[in-house]
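Going by this note's numbering, the first residue of the sequence shown is number 258, and it counts up by one from there. Every residue, glycine too, gets a C-beta built ideally from N, C-alpha and C. Read through the structure below, which is laid out as structure tokens, and then see the notes.
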Amino acid sequence: MLRQQIGLGTGNWFAPPGVTPIDHHTFGRANWHDHVAAEHTACREAAALFDQSSFVKLLVSGGDAESVLQRLCAADVA
258 MLRQQIGLGT GNWFAPPGVT PIDHHTFGRA NWHDHVAAEH TACREAAALF
308 DQSSFVKLLV SGGDAESVLQ RLCAADVA
């Protein structure tokens with residue numbers, strides 16, 4: 258199930274095979290609760306990678322800015 262964040266569609270929750278990823282709004286427990294709980298358990302018991310690039314903006318300046326960003330970022334920033 259996608260959501261809008263900074264103009265991009267990002268994953269909000271992922272349905273397992275055979276489940277249609279549609280939000281059913283309710284005052285009770287949401288239909289995605291068990292799927293998110295399974296994702297949470299998998300992250301706690303194994304390994305996970307979270308893209309949090311939409312949460313922060315940095316200004317890196319100075320003569321070594323490019324080399325610092327090249328070291329920190331997964332993609333080529335040059």
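Item to check | Of the residues L316, V293 and A335, the one placed nearest P336, counting alpha carbons only | outcome: Because the chain here runs from 258 to 335, residue 336 falls outside it and cannot be looked at.
Checklist entry - Taking the alpha-carbon positions, what's the L316 to L306 distance? => result 24 Å
Checklist entry - What separation, rounded to the nearest whole angstrom, lies between the Cα atoms of S234 and S310? => result No information on residue 234 is available, as it lies outside the stretch 258 to 335 that the chain covers here.
Checklist entry - If you check the beta carbons only, do N288 and H281 fall under 8 Å apart? => result yes
Checklist entry - If you draw a straight line from the alpha carbon of A335 to that of D308, how long is it in whole angstroms? => result 21 Å
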